[in-house]
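Worksheet for the structure shown next.
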Amino acid sequence: MARLERFAPHINATLTEFEINTPLRRAHFLAQLAHESGEFNYVEEIASGAAYEGRTDLGNTQPGDGRRFKGRGLIQITGYFNYRACGDALGIDLVQQPHLLSRDDLACRSAGWFWDWQQINRAADADDVEWVTYVINGGYNGFRDRVTKLAAAKAAFGLA
Numbered sequence: 001m002a003r004l005e006r007f008a009p010h011i012n013a014t015l016t017e018f019e020i021n022t023p024l025r026r027a028h029f030l031a032q033l034a035h036e037s038g039e040f041n042y043v044e045e046i047a048s049g050a051a052y053e054g055r056t057d058l059g060n061t062q063p064g065d066g067r068r069f070k071g072r073g074l075i076q077i078t079g080y081f082n083y084r085a086c087g088d089a090l091g092i093d094l095v096q097q098p099h100l101l102s103r104d105d106l107a108c109r110s111a112g113w114f115w116d117w118q119q120i121n122r123a124a125d126a127d128d129v130e131w132v133t134y135v136i137n138g139g140y141n142g143f144r145d146r147v148t149k150l151a152a153a154k155a156a157f158g159l160a
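Here the sequence shown stands for residues 1 to 160, numbered as in UniProt numbering.
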C-alpha cells in the first residue's frame, strides 16, 4: 500500500487532468497501472530495452534507441515515437531526456496522456477489459492478472 501512497497525489492530479473521472474509468486505469508497474514497484522496465532495438514500428531507427526508449512510466511508454508524442503533449523534451519518465509525477502523467491519446476511456466506459488491455499492451500479456486487479479495483470503488 505504501507504494501506491507514494504516487497518490500524482495519480489524483492525473485522474483530473485526463478526465478519468468515473469509478469505472478509475478502476480500469488503476488496475492496468498496477499490472504494468508490478504493483507500483517499477517506473522503468526491468529488461534492458535491447529487444526494442531496430523496432521501426516504434520509431527506434538509431543505434541505442531500444535501450534509450525502453518502457518507462506507470504505463510503460515505449519507443521513440511514443516518447516524442508524450513529450510534445506534456511540454517536456523526452527524446533528449527519456529518464524523466521515471519521475513519479511524469510516470503518472505519461500514463494519463497515453490513456487519453488512445481514447481508453471509451473502452473503460464499456467495461471491456480485453479492449483496454489490447490498446495498452498490443496484445494480452498478463491478461489474467489484469482481470484480477480490475476485480479488486472495482470492489474498492464499490462496483463489484
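All C-beta atoms in this analysis are idealised placements derived from N, C-alpha and C, irrespective of residue type, glycine included.
Would you mind sorting Pro-98 into buried or exposed? The rule is 16 or more other CB atoms within 10 Å of its CB. With 16 or more other Cβ atoms from the protein chains shown falling within 10 Å of its own Cβ, Pro-98 counts as buried.
Give me the Cβ distance between Glu-17 and Gly-91, rounded to the nearest whole Å; I'm assuming they're in contact under 8 angstroms. Going by Cβ atoms, the distance from Glu-17 to Gly-91 rounds to 13 angstroms, so no, they are not a contact pair.
When you compare the CB positions of Leu-24 and Ala-160, do they come within less than 7 angstroms of one another, or not? Not a contact, by the Cβ cut-off of 7 angstroms.
Using 8 angstroms for Cβ pairs, my map puts Ile-20 next to Asn-137. What's the rounded Cβ distance? At roughly 18 angstroms, the Cβ-Cβ gap does not stay under 8 angstroms, so Ile-20 and Asn-137 are not in contact.
Could you tell me whether the stretch 76-90 touches the stretch 52-68, using the rule of 3 or more Cβ pairs below 8 angstroms? Under the Cβ criterion (8 angstroms, minimum of three pairs), the stretch 76-90 counts as touching the stretch 52-68.
Where Pro-9 and Arg-55 are concerned, what is the direct C-alpha to C-alpha distance, given to the nearest angstrom? 35 angstroms
Looking at Ser-37 and Leu-74, is the spacing between their C-beta atoms short of 7 angstroms? yes
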